[in-house]
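Here the structure comes first, spelled out in structure tokens, and everything after it is commentary.
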């Protein structure tokens, strides 16, 4: 899955690339985000925290569904 990252005015400022793969023990995940080098550190930190919470929730939900 891939997606552009936009400002409120529609300007593309980055890209997110997400890949999942099955393994014998579960899965692998490659979570990649591209931001411009001029991106403020607080914006990057906010997005990293967002990813951590979002994907943790998905993983916990998937594990619960498996039993």
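In this note's numbering, the protein residues as written are 128 to 194. Cβ atoms here follow ideal geometry from the backbone N, Cα and C, with glycine treated the same way. All values derive from a computational prediction rather than experimental measurement.
Task: Nearest to residue 182 (by Cα), restricted to the options 152, 147 and 194 - done: Residue numbering aside, residue 182 sits at position 55 when the chain shown is read from its first letter. Of 152, 147 and 194, the residue nearest in Cα terms is 147.
Open item on the list: Within a Cβ cutoff of 7 Å, which residues of the same chain sit near residue 144, ignoring the five residues on either side of it in sequence?
Closed with: Counting from one through the chain shown, the residue named residue 144 turns up at place 17. Answer for residue 144: 129 and 159, listed in chain order.
Task: Continuous beta strand (DSSP E) assignments of at least 3 residues falling wholly in the stretch 149-193 - done: 153-161
- [ ] Take residue 184 and list the residues in its own chain whose beta-carbon comes closer than 6 Å to its own, dropping the five residues that flank it on each side.
- [x] By 1-based counting over the chain shown, the position of residue 184 is 57. Closer than 6 Å at Cβ, skipping near neighbours: no residue.
- [ ] Work out the CA separation of residue 136 and residue 151 for me, nearest whole Å.
- [x] For the purposes of this step, residue 151 is taken as the residue at position 24 of the chain shown. For the purposes of this step, residue 136 is taken as the residue at position 9 of the chain shown. Rounded to the nearest angstrom, the two C-alpha atoms are 44 Å apart.
Open item on the list: Could you pull the DSSP bridge partners for residue 141 from this structure?
Closed with: The residue you call residue 141 lines up with position 14 of the chain shown. Answer is 132, bridged to residue 141.
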